[in-house]
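Colleague:
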Amino acid sequence: MYDSIDQLFSRAESLLAAGMHRRAARLLRDIATSPETPDSARKRAWHMIGEPQISADEKRRQGIEKALQAAQRRQQLVDDRQLVIAYFNQGYSAPEVQSMTGRSKAFVAAWHKKWASLQ
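Note that the UniProt record's numbering has the sequence shown beginning at 1, numbered continuously upward.
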């Protein structure tokens, strides 16, 4: 190999830290498959190749979780809109609706305006 094994490992670690997982994986694969590499370095290289996969799985799980939370926020927004309209239909004032729902003054005022235009 053109560099010492330790230098290649440090280069792979810096690539991983920079988010360049494919380049790091290629370098680690080269280390692991080289006939000049000692067995301990091969094991270390294969182990390091497996770590970014765990990171990718974690990112995928976080993305799914984030999408679920966004869907829940949208549903909560729809529910709050319906609740605000229902309170206005029952005759409550904007400050009363704001205190009952916990929504901002701007949110309640916007839906009061839309509710008034529907009346």
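Ideal placement from N, C-alpha and C gives every residue a C-beta, glycine not left out. Fair warning: this is a prediction, and the values are worked out from it, not measured in the lab.
Do A32 and R23 have their C-beta atoms closer together than 7 Å?
Modeller: No, they are not a contact pair.
Colleague: So, using beta-carbon positions, are I5 and A25 closer together than 7 Å?
Modeller: The answer is no: Cβ separation not under 7 Å.
Colleague: Given a cut-off of 7 Å, decide if H112 and A94 are closer than it, judged by their beta-carbon atoms.
Modeller: It is a contact, given that the beta carbons lie within the stated cut-off.
Colleague: Along the chain, where does the alpha helix (DSSP H) that runs through M100 open and close?
Modeller: A94 to T101 is the extent of the alpha helix (DSSP H) around M100.
Colleague: Hey, how far is the Cα of S34 from the Cα of A45?
Modeller: S34 and A45: Cα-Cα distance of roughly 11 Å.
Colleague: Pull up the CB-CB distance for A12 and L28, whole angstroms please, since I reckon it's below 8 Å.
Modeller: Yes, A12 and L28 are in contact; Cβ-Cβ is about 5 Å, under 8 Å.
Colleague: The alpha helix (DSSP H) spanning E36 covers which residue range?
Modeller: Run containing E36: none; DSSP gives neither H nor E here.
Colleague: What separation, rounded to the nearest whole angstrom, lies between the Cα atoms of Q76 and A116?
Modeller: Each residue's alpha carbon lies about 22 Å from the other.
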